[in-house]
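Okay, structure first, notes after.
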DNA sequence: CCCGTATTAATACACATGTTTTAATACAAA
DNA sequence: TTTGTATTAAAACATGTGTATTAATACGGG
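Residue numbers (this note's numbering), protein chains in the order written: chain A, 887 to 1095; chain B, 887 to 1095.
Structure (structure tokens):
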């Protein structure tokens, strides 16, 4: 668990790096910034502990994917497809939008990686995302029916994922359009809406033709 | 129209800059790269024609928003809300996913701006996006009914926009998950799916309570 | 042809960055 | 205490960056 603050220099550097990478992106972040924020006036510490800026980023990226993967979908098997969809949406909304800057920092790093992938992304997607997505596709197929082509199942998953992820990347624009909305909606209310909307959407797709 | 290639040095620089900004982002892009790609072996040309790297980016950003704004929603008034929704979805899918690297370059710049806004974003959103969004909210309200709170209308717009935008930012991950999908779905098919799914979702929201 | 302006070319400059190097210090074990 | 290793500190280094400066060249009007 590299998350809890054990007070070590290495950990303070890691925490500071997560914060600053999330805020400014990889290229804009400087090792001097990180060291300063970590309280170390030693600009060599990142090379000393991590072997360089890129290796530090790589370690953080691993941490991002692992953190999200820790949220296991609880006893998926015993649930109906609709219940599984609800849990799927709630879990992801909570991951992305629960309180705590730490979670939103990890999300920001993940989003930046989505938009402009580093060389590490492919391997991480294979290792962490691919198995999950298989389950999600099966869940959707169980709702809309076996007669639908695989492309339709994927499109439905995209429709749901797009809704879940929206605020993660579009918040800067949304917040300017609606300045009265000071923060992303409460994750429970958001999950409720997305579930209702998505069930409606899936029903419409199921009834096609 | 700064789009057509008139062969001037200034225009070649602009085109090259759009391409490279889209590919690498603002910070990673160097003026030397742009000049080289534009065929000018003069690293001073950007200062000469645009007044600096930042001013060049600013001009491109203006161009991005203006280009998207050119797509006027055609005779919106004479249509039913459902027809307007269909046009809305089709127009945006076509804007984002029609062939041509130029369009996708503009999209990439817009997405990067969404995720990590430059100081210019606020003004551009006010000038270009805000008026449109008002129309879109009215359109959705006309479908789900006047009794629904404004927050619900916004959530529905988010649900639709999230679907439309998904591939724009998540393509690098999606493409790794489904390597057989060589490209973003045909924009017409995509629009069909999103319309069906969204009408189902809106119907579900309309029938709530 | 000649001149003045627009453009291109080439170089210099100031600055920031990641990394390396070298020295100083802390700290535990023998 | 002494010794050896882990850590911190400070400076140096090589490189890449945007911009400024200066010179060369092109080109059109008189």
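Note that CB positions come from ideal geometry on N, CA and C, so glycine has one too.
List, in chain order, every chain A residue whose beta-carbon is nearer than 9 Å to that of residue 1013 of chain B. Within the second chain, the letter at position 127 stands for residue 1013 of chain B. Within 9 Å Cβ-Cβ: nothing; residue 1013 of chain B doesn't reach chain A, min ~11 Å.
With a threshold of 16 other CB atoms inside 10 Å of the CB of residue 894 of chain A, please say whether the residue is buried or exposed. Taking the first chain and counting its residues from 1, the one referred to as residue 894 of chain A is at position 8. Residue 894 of chain A is exposed by the Cβ-count criterion.
Excluding the 5 residues preceding and the 5 following residue 1059 of chain A in the sequence, name in chain order all residues of the same chain whose CB lies nearer than 6 Å to its CB. In the first chain, residue 1059 of chain A corresponds to position 173, counting from 1. If we look at residue 1059 of chain A and ignore the five residues flanking it on each side, it has no Cβ neighbours.
If you draw a straight line from the alpha carbon of residue 1080 of chain B to that of residue 924 of chain A, how long is it in whole angstroms? Within the second chain, the letter at position 194 stands for residue 1080 of chain B. Within the first chain, the letter at position 38 stands for residue 924 of chain A. Spanning the two alpha carbons is a distance of roughly 46 Å.
Length at least 4, wholly inside the region 902-990 of chain B: the alpha helix (DSSP H) runs in chain order: 917-923, 931-936, 939-956, 967-983
Taking Cβ to Cβ, would you say residue 946 of chain B is nearer than 8 Å to residue 907 of chain B? Residue numbering aside, residue 946 of chain B sits at position 60 when the second chain is read from its first letter. Residue numbering aside, residue 907 of chain B sits at position 21 when the second chain is read from its first letter. Going by C-beta atoms, residue 946 of chain B is nearer than 8 Å to residue 907 of chain B.
Is residue 888 of chain B close to chain A, meaning its C-beta is less than 8 Å from at least one C-beta of that chain? For this step, residue 888 of chain B is matched to residue 2 along the second chain. Residue confidence for residue 888 of chain B is low, a pLDDT of 45 falling below 50, so the modelled location carries little weight; the figure read from the coordinates is stated next. It does not; no Cβ of chain A falls within 8 Å.
Rounded straight-line distance, which links the Cα of residue 1084 of chain A to that of residue 1047 of chain A: Looking up residue 1047 of chain A in the first chain gives position 161. Looking up residue 1084 of chain A in the first chain gives position 198. When rounded, the distance between both Cα atoms is 10 Å.
Cβ closer than 8 Å: which chain B residues qualify as neighbours of residue 1063 of chain A? The sequence position of residue 1063 of chain A within the first chain is 177, counting from 1. Going along chain B in sequence order, the residues near residue 1063 of chain A (Cβ under 8 Å) are 1011, 1015, 1016, 1019.
Report yes or no: is there a C-beta of chain A within less than 8 Å of the C-beta of residue 1031 of chain B? Looking up residue 1031 of chain B in the second chain gives position 145. No - not a single Cβ of chain A is within 8 Å of the one on residue 1031 of chain B.
For a contact meaning CB atoms closer than 8 Å, what does residue 901 of chain B contact in chain A? Working through the second chain from its first residue, we reach residue 901 of chain B at position 15. Those within 8 Å of residue 901 of chain B in chain A number zero; the least Cβ separation is about 21 Å.
On the three-state DSSP scale, how would you describe residue 1017 of chain B? The residue labelled residue 1017 of chain B in the question sits at position 131 within the second chain. In this structure, residue 1017 of chain B counts as helix in the three-state DSSP scheme.
Same chain only: Cβ atoms within 6 Å of residue 887 of chain B, ignoring 5 sequence neighbours per side: Translated into positions along the second chain, residue 887 of chain B becomes position 1. Low confidence applies to residue 887 of chain B: its pLDDT is 44, below 50, so where it sits in the model is not reliable, and the reading given next is rough at best. Excluding positions up to five away in sequence, the list is empty.
Please report the straight-line C-alpha distance between residue 944 of chain B and residue 911 of chain A, rounded to a whole angstrom. By one-based count along the second chain, residue 944 of chain B stands at place 58. By one-based count along the first chain, residue 911 of chain A stands at place 25. Their Cα atoms are separated by approximately 20 Å.
Within the 8 Å Cβ cut-off, does residue 1008 of chain A reach chain B? Within the first chain, residue 1008 of chain A is the residue found at index 122, counting from 1. Taking Cβ atoms only, chain B reaches closer than 8 Å to residue 1008 of chain A, which makes this a yes.
Please report whether the beta-carbon of residue 1042 of chain B lies at a distance below 8 Å from any beta-carbon of chain A. The residue you call residue 1042 of chain B lines up with position 156 of the second chain. True, the Cβ-Cβ gap to chain A drops below 8 Å.
Taking contact to mean 3 or more Cβ pairs, one atom from each stretch, closer than 8 Å, check whether the region 927-935 of chain A and the region 953-969 of chain A are in contact. no
Could you tell me which of B:1011, B:1070, B:897 sits nearest to residue 987 of chain B, measuring between CA atoms? For the purposes of this step, residue 987 of chain B is taken as residue 101 along the second chain, with counting starting at 1. Considering only alpha carbons, the answer is B:1070.
Spell out whether any CB of chain B is found under 8 Å from the CB atom of residue 983 of chain A. Numbered from 1 along the first chain, position 97 holds the residue referred to as residue 983 of chain A. Residue 983 of chain A does not count as touching chain B.
What residues from the region 1056-1082 of chain B come within 9 Å of chain A, judged by C-beta to C-beta, listed N to C? 1056, 1057, 1058, 1059, 1060, 1062, 1063, 1064, 1067, 1071, 1075, 1076, 1079, 1080, 1082
So residue 905 of chain A and residue 991 of chain A are supposed to be a Cβ contact under 8 Å. How far apart are they, rounded? In the first chain, the residue the question calls residue 905 of chain A occupies position 19. In the first chain, the residue the question calls residue 991 of chain A occupies position 105. Cβ atoms of residue 905 of chain A and residue 991 of chain A come within 8 Å of each other, at about 6 Å.
Select from A:1004, A:1011, A:994 the residue whose C-alpha is nearest the C-alpha of residue 1052 of chain A. In the first chain, the residue the question calls residue 1052 of chain A occupies position 166. The residue with the shortest Cα to Cα distance from residue 1052 of chain A is A:994.
Taking only runs of the alpha helix (DSSP H) that begin and end inside the region 1018-1076 of chain B, which ones reach a length of at least 4 residues, in chain order? 1036-1063
Minimum Cβ-Cβ distance from residue 1047 of chain A to chain B less than 8 Å: Within the first chain, numbered from 1, the residue matching residue 1047 of chain A stands at position 161. So, interface residue.
Length of the line joining the Cα atoms of residue 982 of chain B and residue 903 of chain A: Translated into the one-based positions of the second chain, residue 982 of chain B becomes position 96. Translated into the one-based positions of the first chain, residue 903 of chain A becomes position 17. Each residue's alpha carbon lies about 34 Å from the other.
Selected residue, minimal CA-CA separation from residue 1061 of chain A, among B:1040, B:1068, B:1050: Within the first chain, residue 1061 of chain A is the residue found at index 175, counting from 1. Of B:1040, B:1068, B:1050, the residue nearest in Cα terms is B:1040.
What's the call for residue 1087 of chain B, buried or exposed, on a 16-neighbour Cβ count within 10 Å? Counted from its first residue, the second chain places residue 1087 of chain B at position 201. Under this definition residue 1087 of chain B is a buried residue.
What is the DSSP secondary structure of residue 888 of chain A, reduced to helix, strand or coil? Position 2 of the first chain, counted from the start, is the residue given in the question as residue 888 of chain A. Interpretation of residue 888 of chain A is limited by its pLDDT of 45, a score under 50 that renders its predicted location unreliable; no figure is taken from the coordinates.
Evaluate residue 1090 of chain B with the Cβ neighbour count: other Cβ atoms within 10 Å of its Cβ, from every protein chain shown; 16 or more gives buried, anything less gives exposed. Within the second chain, the letter at position 204 stands for residue 1090 of chain B. Under this definition residue 1090 of chain B is a buried residue.
So the candidates are B:898, B:1050, B:1014; which of them puts its Cα closest to the Cα of residue 972 of chain B? Along the second chain, read from residue 1 onward, the residue named residue 972 of chain B stands at position 86. The candidate whose alpha carbon is nearest that of residue 972 of chain B is B:1050.
I'd like to know if residue 1034 of chain B contacts chain A, where contact means its C-beta is closer than 8 Å to some C-beta of that chain. The residue labelled residue 1034 of chain B in the question sits at position 148 within the second chain. No, because no Cβ of chain A sits closer than 8 Å to the Cβ of residue 1034 of chain B.
For residue 1008 of chain B and residue 1005 of chain A, I'd like the C-alpha separation in whole angstroms. In the second chain, the residue the question calls residue 1008 of chain B occupies position 122. In the first chain, the residue the question calls residue 1005 of chain A occupies position 119. Straight-line Cα distance between these residues: approximately 32 Å.
For residue 996 of chain B, which three-state DSSP category applies? By one-based count along the second chain, residue 996 of chain B stands at place 110. Helix, per DSSP.
Classify residue 1066 of chain A: buried if its beta carbon has 16 or more other beta carbons within 10 angstroms, exposed otherwise. Within the first chain, the letter at position 180 stands for residue 1066 of chain A. Exposed: under 16 other Cβ atoms inside 10 Å.
Using 8 Å for Cβ pairs, my map puts residue 899 of chain A next to residue 920 of chain A. What's the rounded Cβ distance? Here residue 899 of chain A corresponds to residue number 13 of the first chain, with the count starting at 1. Here residue 920 of chain A corresponds to residue number 34 of the first chain, with the count starting at 1. Rounded, the Cβ-Cβ distance is 6 Å, consistent with contact.
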